[in-house]
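Below is one structure; the comments refer to it alone.
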Amino acid sequence: MTPNNSLLHNPIMSSLETYLRPALQTAQDALVTVVDSFQLRKDAPFSPDIPKELLESMPDLSGRLLLTFPWTKPRPVDPTQHSVWILDNTAYRVQPGQDKKVNKHKADPVLEASPDEPFPPPRWEVEYVAAYFSRETCRDASHVIADIARLVGLARGSASEEEGLGELKDKLDITPIKKRLEPFLNPILPRHTIRVNIGDVETQTLGPSTSSGISSDLLRLHFDAPAGTQLTTTADIDSPPCWAVPGRTVLAEPTGWGVISDIDDTIKITGTLSPVAVLKSTFIDTPTPVAGMPELYTDLVKLLADPIFFYLSGSPYNLYPFLRSFRKEHFPDGTMILRDASWQNLGGLISSLSVDVKTYKVDRLEKMHTWFPDRQFFCIGDSTQKDPESYGEIARRHAGWIKAIYIRRVADENDIQGALDPDRNSNKRFETAFKGLDEKMWLVFDDADEVRRDVQLLTR
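According to this note's numbering, the sequence shown is numbered sequentially starting from 11.
Next comes the structure, spelled out in structure tokens:
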């Protein structure tokens, strides 16, 4: 029997569907919480908890997490339905005596291999991180955009969703806002894999992605290439290129200089201390570099003879395309390390920049030390959150690894937490953070020229 299509377009049925959809979504979210909560905590240990006041005041992002079961078999991504980001990374040389360590994923060289040595011994090792999404947006962006407009004062607090959008559209183009919001709205994709082509030399498999939609694979590259070589990693699938963001790999020698830099309020104006400022700088404003910092980083490339750069941020990985574009426009190439995000409320964006930041950053700094223990690094951060404490901790653990630490003093204007944290820029705070370190090893600065002069002295 042919279905009565008129019923599907009946106003009553449409109204019923509109009414039931939120309830069904709530039921799915509750089921995900019950089934996947333990695995999510295990897979994304640095995804921050969201304080109650933020949960109640920030837009809901329900539907981002898809229900999965432990017995679900991994599947290859489908370029017609999915999107994958392959994050930029930095490869380090395999140390002598480690050559026989087996690769987690067997490589399939694209180039014809020698019969005597079908799989050459690995020369480089690198961590590949990829993010997986379903292209089917879990909800209409209009609701979230209207909420953001009201929160940042671009629409009346009492305005309805339609009114809020209208007031926002009268003031600016909302297309960029939608683009920045997409990674927060599209469902993450667990239990999927992707074949990648590394520099047109070999292919390997990444994944499967965890319940938080991220895969992290430590891979050996079975070819040799000189340090400084840049490789492009792309999806090894014949399909339109727009569905996968390619990654860039730099091969770096074990010795030399390096720079570890925070992003928010160190090189990019974010307003970390104010939730409203964070929303506005992230979704509304054109990203703006901190005055003098692009010029400083350009000079560091020359002063340190082409160092490697790591950008270590508390921002969630959902902002990777946005932050990568900003970095590409203003700062040297480098590996960007961002935070896990298994939350379903935009309050998670604020929490990522403020909750348990030291624990997260010290863990990632330890990982960098295992990659490049014989390099020396300059660390650059700011006073808004836990950069002083994080850098001070890693410098004490690994004497000689950190050459110098520079902390940008962020002024108290618009600091809604100033009354709660009056010592944020105090000498006592910095002396405590850097206790046990040579006082010449750290500098709190107001102007980028202070850092430039100090680096010049230390590298003469």
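Note that CB positions come from ideal geometry on N, CA and C, so glycine has one too.
Using a C-beta cut-off of 8 Å, the region 392 to 400 makes no contact with the region 223 to 236, since fewer than three inter-stretch Cβ pairs fall below that distance. Excluding its 5 nearest sequence neighbours in each direction, Ile277 has C-beta neighbours in its own chain below 7 Å: Ser271, Pro299, Val300, Met303 and Phe341, listed in chain order.
In this chain, the beta strand (DSSP E) harbouring Ile96 covers His92 to Ile96. In the three-state reduction of the DSSP assignment, Gln354 falls in the coil class, being assigned neither a helical nor a strand state.
Within the model, the alpha-carbon separation for Asn196 versus Phe143 is close to 6 Å. Under the three-state reduction of DSSP, Met346 is assigned to strand.
One alpha carbon belongs to Lys371, the other to Phe56, and they sit about 10 Å apart. Look at the region 154 to 205 and you find no whole run of beta strand (DSSP E) that is 3 residues long or longer. Judged by DSSP secondary structure, Trp381 falls within the alpha helix (DSSP H) whose first and last residues are Val367 to Trp381.
One Cα belongs to Phe388, the other to His153, and the distance between them is close to 43 Å. No Cβ-Cβ contact shorter than 7 Å links Pro218 with Pro86. Where Gln466 is concerned, the enclosing alpha helix (DSSP H) starts and stops at Ala458 to Leu468. For Thr243, the closest alpha carbon among the candidates Thr442, Gly209 and Leu314 is that of Gly209. When the beta-carbon positions are compared, Ile158 and Phe293 come within less than 7 Å of each other. Per DSSP, the continuous alpha helix (DSSP H) segment holding Pro398 begins and ends at Asp397 to Arg407. Only exposed fits Gly238, as fewer than 16 other CB atoms lie within 10 angstroms of its CB.
Here the alpha carbon of Val260 sits roughly 42 Å from the alpha carbon of Glu63. In this structure, Leu65 sits away from Asn328, with a CB-CB distance that is not shorter than 7 Å.
Nearest C-alpha to Thr215 among Ser222, His202 and Pro193: His202. Annotation for Asn99: the continuous beta strand (DSSP E) segment containing it runs Asn99 to Arg103. Within the model, the alpha-carbon separation for Glu376 versus Arg166 is close to 46 Å. Excluding residues up to 5 positions away in sequence, Arg462 lie with their Cβ nearer than 7 Å to the Cβ of Asp309 in the same chain. Ranked by Cα distance from Lys445, the options Ser361, Thr296 and Gly402 are led by Gly402. Leu289 places its beta carbon less than 7 Å from that of Val162. In this structure, the CA atom of Leu241 is about 6 Å from the CA atom of Arg258.
When secondary structure is reduced to three states using DSSP, Phe387 falls in the strand class. Nearest to Leu191 by alpha-carbon distance, out of Pro331, Met346, Gln91 and Asp433, is Pro331. Under the criterion of beta carbons closer than 8 Å, Ile273 and Leu333 qualify as touching, at roughly 6 Å. When DSSP states are grouped into helix, strand and coil, Asp227 belongs to the strand group.
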